[in-house]
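Written below as structure tokens is the structure these notes are about.
Residue numbers (the numbering used here): 256 to 462.
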């Protein structure tokens, strides 16, 4: 362990475990020149771990970068919505869309594991094709959330900070919302009040 790693562990006390591939970085070279390492990790102190005892870290799928993105889940109960959500984007109206999306993610994970075992040119091409196909489905999902929010990225930046930034981005990983900022600038964390603020926000968006 180098000095930087020693200092990190000393400051943060506790390194979290993980799910997924054991490697988070690849040097981009095939055959004998290939190098896989776990360079990226998440560390927390004991206070944080006491507050969130069910933390989980997942090594996600590489879709372009040589580093694997890390997703940390604190284990809080997701907010339950009474109304079932419906995809607005035409490409996501099919009832099996989420199943297909999950399958595409599994395919990429498998291709990634095969490439780590044998980083040949052929396996790299297969992996890149699987990643490209997954990106198409993720793009459809992203368009849905943009339509659902009823706003654009560049014309309503003030409203993005109120709801879109804290809700839509998180929705891409989990249907979970912890807090929102109302029109008066106050942060709402109570789940009961939060639901009313969310409904009021969308009503103003579409009227």
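Note that beta-carbon positions come from the ideal geometry of N, C-alpha and C, so glycine has one too.
Being a predicted model, the structure only gives us computed values, none of them experimental.
Compare the C-alpha of residue 372 against each of 300, 272 and 281 and name the closest. That would be 281, whose Cα lies nearest to the Cα of residue 372.
Taking 9 Å as the threshold (C-beta atoms), are residue 314 and residue 375 in contact? The answer is no: Cβ separation not under 9 Å.
Residue 445 in three-state terms, based on DSSP: coil
Would you list the one or two residues that DSSP bridges to residue 326? Answer is 313.
Counting only runs that start and end within the stretch 352–409, where is the alpha helix (DSSP H) found for 4 or more residues in a row? 352–372 and 376–404
Candidates 359, 330 and 289, of which the one nearest residue 311 by Cα: 330
Look up residue 303 in the DSSP assignment and say whether it is helix, strand or coil. helix
Return the residue from the list 370, 360, 326 and 377 that minimises the CA-CA distance to residue 388. 360
Taking the C-alpha atoms as reference points, what is the distance between residue 322 and residue 293? 9 Å
Mapping the DSSP letters down to three states, classify residue 286 as helix, strand or coil. In the displayed model, residue 286 falls within a helix according to three-state DSSP.
CB-CB under 7 Å to residue 362, same chain, minus the five flanking residues each way: which ones, in chain order? Contacts found: 385.
Closest to residue 297 by C-alpha separation, out of 291, 326, 284 and 283, would be which residue? 326
What do you get for residue 391, buried or exposed, if any count of 16 or more other CB atoms within 10 angstroms of its CB means buried? exposed
Give the straight-line distance between the Cα atoms of residue 295 and residue 319, rounded to the nearest whole angstrom. 16 Å
If residue 367 and residue 382 are in contact, beta carbons under 8 Å, what's the gap, nearest whole angstrom? 6 Å
Residue from 288, 304, 317 and 393 whose Cα sits closest to the Cα of residue 365: 317
Residues of its chain near residue 290, where Cβ-Cβ distance is below 6 Å and the 5 sequence neighbours each way are ignored: 282
So the candidates are 352, 286, 279 and 278; which of them puts its Cα closest to the Cα of residue 377? 286
For residue 393, tell me which candidate among 445, 353, 369 and 439 has the shortest Cα-Cα distance. 353
Using the Cα positions of residue 271 and residue 304, report the straight-line distance between them to the nearest angstrom. Rounded to whole angstroms, residue 271 to residue 304 spans 9 Å at the Cα level.
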